[in-house]
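All residue numbers for the sequence shown refer to the numbering used here, where the first residue is 284 and numbers rise by one. Yeah, the Cβ is synthetic: ideal placement off N, Cα and C, and Gly gets one too.
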Amino acid sequence: MALKGVNMKKYDYLVVGSGLFGAVFAHEAKEKGKKVLVIDKRPNIAGNVYTEDIEGIHVHKYGAHIFHTNNRRVWEYVNRFSAFNRFTNSPVANYHGELYSLPFNMYTFNRMWGVVTPQEAAARIEEQRKAAGITEPKNLEEQAISLVGTDIYEKLIKGYTQKQWGRPCRELPAFIIRRLPVRLTFDNNYFNALYQGIPIGGYTKLVQNLLGDIEVRLGVDYLEKKQELDALAEKVIYTGPIDAYFDYSLGLLEYRSVRFETEVLDMPNFQGNAAVNYTDAETPWTRIIEHKWFEFGKDAEGNDLPKTVISREYSSEWKQGDEPYYPVNDEKNQALYARYKELSASEKDVIFGGRLGEYKYYDMDAVIESALVLCGKELG
Ligand code: FAD
Ligand code: UDP
Numbered sequence: 284m285a286l287k288g289v290n291m292k293k294y295d296y297l298v299v300g301s302g303l304f305g306a307v308f309a310h311e312a313k314e315k316g317k318k319v320l321v322i323d324k325r326p327n328i329a330g331n332v333y334t335e336d337i338e339g340i341h342v343h344k345y346g347a348h349i350f351h352t353n354n355r356r357v358w359e360y361v362n363r364f365s366a367f368n369r370f371t372n373s374p375v376a377n378y379h380g381e382l383y384s385l386p387f388n389m390y391t392f393n394r395m396w397g398v399v400t401p402q403e404a405a406a407r408i409e410e411q412r413k414a415a416g417i418t419e420p421k422n423l424e425e426q427a428i429s430l431v432g433t434d435i436y437e438k439l440i441k442g443y444t445q446k447q448w449g450r451p452c453r454e455l456p457a458f459i460i461r462r463l464p465v466r467l468t469f470d471n472n473y474f475n476a477l478y479q480g481i482p483i484g485g486y487t488k489l490v491q492n493l494l495g496d497i498e499v500r501l502g503v504d505y506l507e508k509k510q511e512l513d514a515l516a517e518k519v520i521y522t523g524p525i526d527a528y529f530d531y532s533l534g535l536l537e538y539r540s541v542r543f544e545t546e547v548l549d550m551p552n553f554q555g556n557a558a559v560n561y562t563d564a565e566t567p568w569t570r571i572i573e574h575k576w577f578e579f580g581k582d583a584e585g586n587d588l589p590k591t592v593i594s595r596e597y598s599s600e601w602k603q604g605d606e607p608y609y610p611v612n613d614e615k616n617q618a619l620y621a622r623y624k625e626l627s628a629s630e631k632d633v634i635f636g637g638r639l640g641e642y643k644y645y646d647m648d649a650v651i652e653s654a655l656v657l658c659g660k661e662l663g
């Protein structure tokens with residue numbers, strides 16, 4: 284017979300998923316004296332921010348990750364677990380061999396139109412917006428033209444967006460393109476964030492430092508051994524896909540997936556920048572990442588690294604069995620998610636969190652903030 288008030292299970296928390304959400308929760312719970320077990324079905328920790336060491340370069344295995352935030356609490360928090368370099372994201376757009384600076388700024392306008400002053404650039408945009416006759420943009424195409432004009436839309440937005448989303452720009456919501464800054468200055472920092480950088484030593488090390496000596500079991504799929512694992516802990520923090528937890532009983536949530544083709548090249552410098560976007564419709568990949576350029580100082584040390592590692596990214600529609608990357612947060616999927624969320628309320632000892640557990644396109648800083656908020660509520 285169980286004695287009232289006596290903890291009969293081996294762990295207080297079973298954390299399913301060793302990504303940022305799970306690792307932050309596990310760290311904080313351990314700090315509060317809780318007994319924690321972390322499991323992950325992958326052979327490695329760190330979820331989508333996992334970096335793998337290839338030829339001395341930290342390769343972003345599940346897509347390029349640049350930490351950027353305006354949230355000071357989160358910035359100070361992550362800096363406790365890793366130092367960050369001063370990397371600033373400034374991708375280059377390649378349109379049939381013509382190179383443009385991103386996000387849209389005075390360098391872009393100068394290259395596109397030969398304009399030199401902000402006034403000339405603003406006048407060009409206004410002229411093209413007027414000619415297109417758009418007053419209230421109703422879709423991504425109209426929004427893009429009204430923000431930067433037809434030439435930039437045709438060369439830098441149309442092809443890339445259609446490849447990325449697998450749908451024509453006229454069928455996509457306007458807000459997607461408003462994520463990109465448009466600047467009449469020579470500032471080519473992609474993000475409007477107070478703090479930005481890449482963890483020195485890679486993201487995996489950051490997550491390792493969060494997990495410390497917490498017990499971690501890799502290659503363990505929670506859903507395959509649910510009963511057995513549930514018996515080990517009082518509560519479960521589940522960061523996998525919410526629809527998978529319920530065996531897709533209400534239907535499948537949709538995702539965009541990405542396929543990465545990674546190559547080691549026998550040259551020190553392939554493209555001279557971390558990210559080059561291929562903005563034409565014909566090139567099948569959306570962008571090429573050259574991982575070594577994420578690491579500040581590699582420029583000077585480049586000679587010591589005779590090789591380089593690149594990843595071509597191909598965007599695709601997700602199907603069951605693929606890695607889910609970007610939740611498709613349209614009305615249909617949000618409505619389905621709401622029904623799964625309702626179901627989850629009946630799982631009293633399970634907390635759903637993170638990008639897949641909440642079906643939400645969280646950036647890293649937002650996922651950490653949300654884990655810290657949960658810790659405040661759950662751990663006191
Ligand atoms: P995840 O990292 O996905 O972790 C979930 C973990 O749960 C995984 O390790 C998975 O294996 C495990 N799991 C799932 N199901 C089970 C199961 N049944 N049993 C056991 N384990 C399970 N954010 C930025 O701030 N900047 C960027 O530049 C950026 N770039 C991105 C690029 C791409 C291509 C993508 C897809 C995302 C990007 N993000 C970026 C977002 C960032 O990846 C997320 O915010 C963050 O990784 C989410 O962490 P998480 O812990 O919620 O999920
Ligand atoms: N975009 C574009 N050309 C580019 C880069 C981005 O047209 O060279 C568009 C594209 O529609 C993309 C959106 O801008 O979906 C937002 O870009 P961001 O880099 O924020 O996309 P993410 O990959 O983070 O979703």
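Quick one: what's residue i bridged to in DSSP?
i, result
"Glu311", "Paired residues: none, contrary to the question."
"Asp336", "His341"
Nearest to residue i by alpha carbon, out of the options?
i, options, result
"Tyr486", "His348, Gln445 and Asp470", "His348"
"Glu565", "Ser384, Trp358, Leu439 and Tyr609", "Leu439"
"Glu641", "Tyr333, Glu437, Leu619 and Lys660", "Leu619"
"Glu614", "Lys643, Gly380 and Lys631", "Lys643"
"Gly413", "Val399, Asn492 and Leu430", "Sequence check: residue 413 is Lys here, not Gly. Lys413 has its Cα closest to that of Leu430, out of Val399, Asn492 and Leu430."
"Gly604", "Tyr531, Arg363 and Thr352", "Tyr531"
"Gly302", "Val490, Gly432 and Lys344", "Val490"
"Glu409", "Leu385, Ile435 and Lys421", "Ile435"
"Pro451", "Leu467, Leu463 and Glu424", "Glu424"
"Phe387", "Phe529, Leu467 and Phe370", "Leu467"
"Arg363", "Lys344, Thr569, Met395 and Lys488", "Lys488"
"Glu596", "Ala415, Lys446 and Pro464", "Lys446"
Can residue i and residue j be called in contact, C-beta distance under 8 Å?
i, j, result
"Tyr505", "Val299", "yes"
"Val307", "Leu662", "no"
"Lys292", "Glu517", "yes"
"Val332", "Thr545", "no"
"Val321", "Glu498", "yes"
"Ser594", "Phe553", "no"
"Asn492", "Asn377", "no"
"Asp526", "Tyr390", "no"
Using 10 angstroms around the beta-carbon of residue i, count the other beta-carbons present and answer buried if the total reaches 16, otherwise exposed.
i, result
"Met284", "Because Met284 sits at a pLDDT of 44, beneath the cut-off of 50, its placement in the model cannot be relied upon, and the following sentence gives the value as read from the coordinates. By the neighbour-count rule (16 or more Cβ atoms within 10 Å), Met284 is not buried but exposed."
"Asn471", "buried"
"Asp648", "buried"
"Gly480", "buried"
"Leu297", "buried"
"Phe469", "exposed"
"Pro482", "buried"
"Gln426", "buried"
"Leu512", "buried"
"Thr418", "exposed"
"Lys313", "buried"
Since residue i contacts residue j with CB under 8 Å, what's their CB separation in whole angstroms?
i, j, result
"Gly442", "Asp563", "5 Å"
"His310", "Leu494", "7 Å"
"Leu548", "Thr591", "5 Å"
"Leu639", "Gly502", "Actually they are not in contact, since the Cβ atoms of Leu639 and Gly502 sit about 18 Å apart, beyond 8 Å."
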